[in-house]
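Undergrad:
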Amino acid sequence: MSDPLGLISNAGGPQNLPRPMQGQQSRPQGGADFKKMLMQNLNEVNALQQDASQAAEDLMTGKRKDLEGVVAATDKAETAFKMLQAMRNQVMQAYDEIKQMRV
């Protein structure tokens with residue numbers, strides 16, 4: 004019979020883990036990239052919502068005649084907001100899972 008966990012148990016445990024050098028703090032890689040990506044998405048959604056609002060206002064004041072363009076801009080802004088909201092919900096769910104972890 005083979006031991007399915009044999010490779011894991013032969014790894015040596017925590018004593019064989021690499022340790023950070025003294026004086027250096029280990030920092031997660033990509034933290035600034037996530038912030039940059041999140042801010043970029045927030046700005047894009049904000050711009051889409053402002054464009055849709057401006058298009059609706061232009062339609063009401065008579066500056067714009069194409070109803071289809073206004074509906075398309077509004078739908079695009081709504082879809083982008085729903086995607087952003089779904090991303091926020093996933094981040095909050097991951098945060099809650101991390102809070103529940105026992106150390």
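Using the numbering used here, the letters of the sequence shown correspond one by one to residues 4 to 106.
We treat Cβ as the ideally placed atom computed from N, Cα and C, and that holds for glycine.
Helix, strand or coil, according to DSSP, for G115 in the structure here?
TA: Because the chain here runs from 4 to 106, residue 115 falls outside it and cannot be looked at.
Undergrad: If you pair each beta-carbon of the region 64-71 with each one of the region 85-104, do three or more pairs fall below 8 Å?
TA: no
Undergrad: Tell me, please, whether the region 51-61 touches the region 74-88 by the rule of three or more beta-carbon pairs shorter than 8 Å.
TA: Touching, per the Cβ criterion.
Undergrad: Look at the alpha carbon of A58 and the alpha carbon of V74, and state the distance between them as a whole number of angstroms.
TA: In this structure, the CA atom of A58 is about 9 Å from the CA atom of V74.
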